Amino acid sequence: MSQGDEVARRSFYKSSSAQLLWNIGSTGLLVLAQSDVDKSNQSYYGEARLHYLRSDGSYEGLVPLSKDGPVHDVQWSPTGREFLAVYGFMPSRATLYDDRCRVIHNFKSGPYNTIRWNPHGRFFCLAGFGTLPGDMAFWDRTDLSCLGSTRAECTVTCEWSSDGRYILAATTAPRLRVDNGIKIFKYNGSLYYEKKYDKLFQAEWRPAAVGFYEDRPASPQVSGEKNKEKGGKTELLTEKSAAAAKTTAYMAPHAKAAAAVRAQLLGEETSSSAVSKSALKNKKRREKQKEKKDAEDATVALTEDISTLGNQMGALSATVDSNTGDETTKRLRALYKKIRQIEEIKQKVSDGDGNYSTNPAQREKLQQESAIREEIRALEAQN
Numbered sequence: 000m001s002q003g004d005e006v007a008r009r010s011f012y013k014s015s016s017a018q019l020l021w022n023i024g025s026t027g028l029l030v031l032a033q034s035d036v037d038k039s040n041q042s043y044y045g046e047a048r049l050h051y052l053r054s055d056g057s058y059e060g061l062v063p064l065s066k067d068g069p070v071h072d073v074q075w076s077p078t079g080r081e082f083l084a085v086y087g088f089m090p091s092r093a094t095l096y097d098d099r100c101r102v103i104h105n106f107k108s109g110p111y112n113t114i115r116w117n118p119h120g121r122f123f124c125l126a127g128f129g130t131l132p133g134d135m136a137f138w139d140r141t142d143l144s145c146l147g148s149t150r151a152e153c154t155v156t157c158e159w160s161s162d163g164r165y166i167l168a169a170t171t172a173p174r175l176r177v178d179n180g181i182k183i184f185k186y187n188g189s190l191y192y193e194k195k196y197d198k199l200f201q202a203e204w205r206p207a208a209v210g211f212y213e214d215r216p217a218s219p220q221v222s223g224e225k226n227k228e229k230g231g232k233t234e235l236l237t238e239k240s241a242a243a244a245k246t247t248a249y250m251a252p253h254a255k256a257a258a259a260v261r262a263q264l265l266g267e268e269t270s271s272s273a274v275s276k277s278a279l280k281n282k283k284r285r286e287k288q289k290e291k292k293d294a295e296d297a298t299v300a301l302t303e304d305i306s307t308l309g310n311q312m313g314a315l316s317a318t319v320d321s322n323t324g325d326e327t328t329k330r331l332r333a334l335y336k337k338i339r340q341i342e343e344i345k346q347k348v349s350d351g352d353g354n355y356s357t358n359p360a361q362r363e364k365l366q367q368e369s370a371i372r373e374e375i376r377a378l379e380a381q382n
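In numbering that gives the first Met the number 0, the protein residues as written are 0 to 382.
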């Protein structure tokens, strides 16, 4: 091949503008071609197509996208061996490709339109800024695991630090003249620093020479505790159980329908099983009332048993008065006295609600109850 010969060619039709994105090493070129008008009337912002060409001519064609809609962002990894694309109608989809334009991994859909690689290509952030609520998801490229997520509303600029361990999200003027400030998050999404300003026009990291900071993996303690990272608004995208713990206020039927449509558009989840604080409070009150009623019913039943026993003893006393010398009657009176003592012990245990403890003599009497009642039935049968 002589100098000046073309190595790859691609024609773009129906395009009014194009962005050319070379990788490190200039072995691959991404071309984002855009037109002002979408003839299918599906997008107000026109139509976008993503093309890929290799400098050795081994590939010339469209990047295979698995969802219809605009291409929101596409970025090469700093390694130059792969690239990320966020595309499709909301909730958008993110896909990782190698330098041969082959799909490596499809990520979970969500409200994203921005990609940010850290300088070493180890971590990357998928975010949704502009008209989106500001969700940010942090991923580890080595094992394609989600380190965490957070939210930075009204973010105008977002960039990684030179060491690749922190990311800066800034709200600046004149794009937004209220709530100006900066937020610095760690690579797992936890908030590290925040500062507000009356008016902030620009915020950038201090630059450093390439190779000044070494590439470091995620810290072991962060890897071991990433499922517990819930400080502030930080949580894992894969966590579903947290939604059940959230409480929601009353929402009118038409507002619920609108919220469902918004959740579908932004990739959020609705929790129909959420319970309000008042409902939980009422449930606890009903449970306490039921426990109190059961305790009262048990007390009434025990009182009736003691009353019946008293009547029996009264009848026995009358019998004893008429025949004092009867040994059987004396034995019955002694046995009824033991039964009354046993019932009194039971009453104390029931009223104590688990706080009353019996002594060895009382426990021995309770163990003899069935034998005493059997003897009483035998003696009464003799009379």
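For every residue, glycine included, the Cβ atom is placed at its ideal position computed from N, Cα and C.
Here the structure is a predicted model, which means the values were calculated and not measured.
Since Y96 and E81 should fall inside the 8 Å C-beta cutoff, what is the C-beta to C-beta distance between them, to a whole number of angstroms?
6 Å between Cβ atoms; contact.
Just mark H104 as buried or exposed, buried being the case when its beta carbon has 16 or more other beta carbons within 10 Å.
By the Cβ-count criterion, H104 is exposed, with fewer than 16 other Cβ atoms from all chains shown falling within 10 Å of its own Cβ.
Cβ atoms of N112 and H71: under 7 Å apart, would you say?
With contacts defined as CB atoms closer than 7 Å, H71 and N112 qualify as a contacting pair.
Assuming R150 contacts P132 under a Cβ cut-off of 8 Å, what Cβ separation, rounded to an integer in Å, is found between them?
Contact between R150 and P132 holds: their C-beta atoms lie close to 7 Å from each other, under 8 Å.
S10 classed as buried or exposed, judged by whether at least 16 other C-beta atoms fall within 10 angstroms:
Around the beta carbon of S10, fewer than 16 other beta carbons sit within 10 angstroms, so the residue counts as exposed.
Compare the C-alpha of L143 against each of M135, K107 and G127 and name the closest.
Cα-wise, what sits closest to L143 is K107.
Quick check on DSSP: helix, strand or coil for A93?
In this structure, DSSP gives A93 an extended state, which the three-state scheme calls strand.
Excluding the 5 residues flanking D35 on each side, which residues of the same chain have their C-beta closer than 6 Å to its C-beta?
The residues are S15 and G45.
Run through DSSP, which three-state label would L334 get?
Helix, per DSSP.
What would DSSP say about V30, mapped onto helix, strand or coil?
Looking at V30 - three-state DSSP - the assignment turns out to be strand.
Cβ distance (whole Å) where L61 is taken to contact R48 below 8 Å:
Yes, they are in contact, since the Cβ atoms of L61 and R48 sit about 6 Å apart, within 8 Å.
What is the C-beta distance between Y186 and F122, in whole angstroms, given that I count them as a contact (C-beta under 8 Å)?
Yes, Y186 and F122 are in contact; Cβ-Cβ is about 5 Å, under 8 Å.
Quick check on S76: does DSSP put it in helix, strand or coil?
Looking at S76 - three-state DSSP - the assignment turns out to be coil, as it is neither helix nor strand.
8 Å CB neighbourhood of A404 in its chain, flanking five on each side removed
Absent from the structure is residue 404, since the part of the chain shown begins at 0 and ends at 382.
In its own chain, which residues sit with a C-beta less than 6 Å from the C-beta of D98, not counting the 5 before and 5 after it?
Sequence-distant Cβ neighbours of D98 in its own chain, meaning closer than 6 Å and more than five residues away, are G27 and R80.
What is the DSSP secondary structure of L279, counted as helix, strand or coil?
Looking at L279 - three-state DSSP - the assignment turns out to be helix.
Looking at the secondary structure, which residues open and close the beta strand (DSSP E) in which K185 lies?
If you look at K185, you'll find it in the beta strand (DSSP E) that goes G180 to K185.
Please state the DSSP three-state secondary structure of S10.
Residue state, collapsed to three classes: coil.
As a quick exercise: from K337, K283 and M135, pick the residue whose alpha carbon is nearest that of A168.
Nearest to A168 by C-alpha distance, out of K337, K283 and M135, is M135.
Rounded separation between I371 and L334 - CA only
Near 6 Å, if we compare the C-alpha coordinates of L334 and I371.
Do you know how far the Cα of D214 is from the Cα of E383?
There is simply no residue 383 to check, as the chain begins at 0 and stops at 382 in what is shown.
Per-residue burial, L83 [other beta carbons within 10 Å of its own, 16 or more giving buried]:
By the 10 Å Cβ count, L83 comes out buried.
Where D454 and E343 are concerned, what is the direct C-alpha to C-alpha distance, given to the nearest angstrom?
In the structure displayed, the chain extends from 0 to 382; residue 454 sits before or after that span and is not available.
Considering only the beta carbon of each residue, do G56 and P118 sit closer than 7 Å?
For G56 and P118, no; Cβs fall outside 7 Å.
If you reduce the DSSP assignment to three classes, tell me which class A360 lands in.
A360 sits in a helix when the DSSP states are folded into three classes.
Spatial neighbours of V221 within its chain, please: C-beta separation below 6 Å, excluding the five flanking residues on both sides.
In this prediction, V221 has a pLDDT of 48, which is less than 50 and means its spatial position is unreliable; what the coordinates show is noted afterwards. Taken in chain order, the residues that qualify are N187.
Residues in its own chain within less than 6 Å of E373 by CB, not counting five upstream and five downstream?
Cβ-Cβ distances below 6 Å link E373 to nothing in the same chain once the five nearest sequence neighbours on each side are left out.
Short Cβ contact (7 Å threshold) for C153 with D178:
Yes; because the gap between Cβ atoms is below 7 Å, this pair is in contact.
Alpha helix (DSSP H) containing Q381: first to last residue?
Bounds of the alpha helix (DSSP H) holding Q381 are E368 to Q381.
I'd like to confirm the pairing. Which residues does DSSP put opposite T156 in its beta bridges?
BP columns for T156 point to A169.
CB contact flag (G383, K194, <7 Å)
The first residue shown for the chain is 0 and the last is 382, placing residue 383 beyond what the model contains.
Among R53, G120 and P63, nearest to T78 - alpha-carbon criterion
When each option's Cα is compared against that of T78, the closest is G120.
Pull up the distance between the alpha-carbon of D139 and that of S65, whole angstroms please.
Going from the Cα of D139 to the Cα of S65 covers about 23 Å.
Go to Y191, then tell me how far its beta strand (DSSP E) extends in each direction, as first and last residue.
According to the DSSP assignment, Y191 belongs to the beta strand (DSSP E) that extends over L190 to K195.
Thinking S148 and A207 are a contact (beta carbons under 8 Å), I'd like their distance in whole angstroms, please.
Contact flag wrong, Cβ pair sits at about 27 Å.
Compute the Euclidean distance between the alpha carbons of P173 and Y196, then round it to the nearest angstrom.
Distance from the CA atom of P173 to the CA atom of Y196, rounded to whole angstroms, is 13 Å.
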